[in-house]
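A.B. asks: Quick one: the structure is below, questions incoming.
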Amino acid sequence: MNNIKVEFSIKDLENLSGIKAHTIRIWEKRYNLFQPKRTDTNIRYYSTESLQKILNVAFLNNNGYKISKISSLTKEDISKLVNEITSKELQIENHAINSLKLSMLTFNEHLFYKTYKELIELKTFKEIFYTTFLPLLHHIGMLWQTETITPAHEHFISTHIKQKILLNIEKVNEIEQNKSEKVFVLFLPENEIHEIGLLFTNFELKSKGYQTIFLGQSIPTESLKDLLRLYDNITFISYFTIKPEKEDIENYLQIFKQSILNNNTNELWILGNMVKNLELNKLPENISVFISIEDLVKNL
Numbered sequence: 057m058n059n060i061k062v063e064f065s066i067k068d069l070e071n072l073s074g075i076k077a078h079t080i081r082i083w084e085k086r087y088n089l090f091q092p093k094r095t096d097t098n099i100r101y102y103s104t105e106s107l108q109k110i111l112n113v114a115f116l117n118n119n120g121y122k123i124s125k126i127s128s129l130t131k132e133d134i135s136k137l138v139n140e141i142t143s144k145e146l147q148i149e150n151h152a153i154n155s156l157k158l159s160m161l162t163f164n165e166h167l168f169y170k171t172y173k174e175l176i177e178l179k180t181f182k183e184i185f186y187t188t189f190l191p192l193l194h195h196i197g198m199l200w201q202t203e204t205i206t207p208a209h210e211h212f213i214s215t216h217i218k219q220k221i222l223l224n225i226e227k228v229n230e231i232e233q234n235k236s237e238k239v240f241v242l243f244l245p246e247n248e249i250h251e252i253g254l255l256f257t258n259f260e261l262k263s264k265g266y267q268t269i270f271l272g273q274s275i276p277t278e279s280l281k282d283l284l285r286l287y288d289n290i291t292f293i294s295y296f297t298i299k300p301e302k303e304d305i306e307n308y309l310q311i312f313k314q315s316i317l318n319n320n321t322n323e324l325w326i327l328g329n330m331v332k333n334l335e336l337n338k339l340p341e342n343i344s345v346f347i348s349i350e351d352l353v354k355n356l
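With the numbering used here applied, the sequence shown covers 57 to 356.
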């Protein structure tokens, strides 16, 4: 049997749609929009069909349609209206994010690629990443914290997004790199495995013609010394999502400074959720913090 989540609590629907559980209950009673089922112990739950409907209803409601109007529409009319609105470029992101969330929850590869195909017909890959993938990943983090999704869901969607980044890196590899002696070395610290942000940073650098060396996940600081024997002007870039932990981050940077940046002109640029724990005025020399990939790119 496929281990696909097909039963959702009202709290799941709230987390996924952004519509408060209290509001969903009112819509149920007043407009008969949803028909929850009940377990043998009388606990209500919702089907995948109900999830898809609440996502569409939330989308229409956010675009100015009153719930009284939406409730009078058939399922087919709701889908048709959603498609009409999403044909307008300004509205496609929200609909695409909802479709990608649904593809994640049902492990539906076809829906992921169908949604991506619709996006790429209107936008560049870079635009898709910033306007669709990044907001989606942020929401996935919230869904993880509320236990609405499991590691399997997160890995499914992350893997497909990484595939798209790698595909586009392959395309820009044909661009001639500039003649600058600077080289960017992209790595994640030990036990850090969240590499989507770092991968996209690599894409941005390559798109601008810079030479990059992508090392990826969980790289010991000591092993970076091998690069020092080959290159004189290195900018190391790392993405701290969950590692180093808050209490270890300052010590990590001090060791990095002593081991890798001591007595040379090399630099370390860092991004990610954990950098919010740093006191910027206490950073070691040659270490810079960026609040986002866009912020880093502006400083190239």
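Virtual Cβ for every residue (Gly too), placed ideally from N, Cα, C. Quick caveat: nothing in here was measured; it's all calculated off a predicted structure.
1. Spatial neighbours of Y121 within its chain, please: CB distance less than 8 Å, with the 5 preceding and 5 following residues excluded, ordered by chain position.
2. For G74, write down the residues that DSSP places opposite it in a beta bridge.
3. Please return the same chain residues whose Cβ sits closer than 8 Å to the Cβ of N333, not counting the five positions on each side in sequence.
4. My assumption, with CB atoms under 8 Å, is that I221 sits in contact with K262. Please give the rounded CB distance.
5. Helix, strand or coil, according to DSSP, for Y101 in the structure here?
6. Restricting to Cα atoms, I'd like to know which of K182, N71 and N112 is closest to T130.
7. Assess contact between the region 249-257 and the region 275-290, defined as three or more Cβ pairs (one per stretch) separated by less than 8 Å. Is contact present?
8. DSSP on E132, reduced to helix/strand/coil?
9. Three or more beta-carbon pairs under 8 Å between the region 183-200 and the region 146-164, yes or no?
10. For T257, report the span of its alpha helix (DSSP H) as first-last.
11. Which class does R94 belong to by DSSP, given the choice of helix, strand or coil?
12. Report the option in T277, G253, T162 and I293 whose CA atom is closest to the CA atom of I269.
13. Which residues mark the beginning and the end of the beta strand (DSSP E) in which E183 is found?
14. Going by DSSP, which residues form a beta bridge with G272?
15. Taking 8 Å as the threshold, find out whether the region 313-324 comes into contact with the region 345-352 through three or more Cβ pairs.
16. Between the beta-carbon of L69 and the beta-carbon of I126, is there less than 7 Å?
17. Can you tell me which of the three DSSP states I347 falls into?
18. Go to I305, then tell me how far its alpha helix (DSSP H) extends in each direction, as first and last residue.
19. If N355 sits next to N342, beta carbons under 8 Å apart, how far is it from one beta carbon to the other, in whole angstroms?
C.D. replies: Reading from the atomic positions:
1. L137, listed in sequence order.
2. Residue pairing for G74: DSSP places it in no beta bridge.
3. The answer, listed in chain order, is K302 and I305.
4. Not a contact, Cβ separation roughly 11 Å.
5. It is a strand residue.
6. Nearest option by C-alpha distance: N112.
7. No: fewer than three Cβ pairs fall under 8 Å.
8. Collapsing the DSSP output to three states places E132 in a helix.
9. As far as the Cβ criterion goes, the region 183-200 touches the region 146-164, which means the pair count is three or higher.
10. For T257, the enclosing alpha helix (DSSP H) covers residues I252 to S263.
11. Note: R94 maps to strand in three-state DSSP.
12. Looking at the Cα atoms, I293 is the closest of the given residues.
13. In the DSSP annotation of this structure, E183 is not part of any beta strand (DSSP E); the continuous alpha helix (DSSP H) holding it starts and ends at F181 to I184.
14. Per DSSP, F243.
15. The region 313-324 vs the region 345-352: no contact.
16. Contact flag unset, no.
17. Residue state for I347 is assigned as coil, using DSSP reduced to three classes.
18. I305 to F312 is the span of the alpha helix (DSSP H), which, as asked, contains I305.
19. Incorrect: roughly 14 Å between the Cβ atoms, too far for contact.
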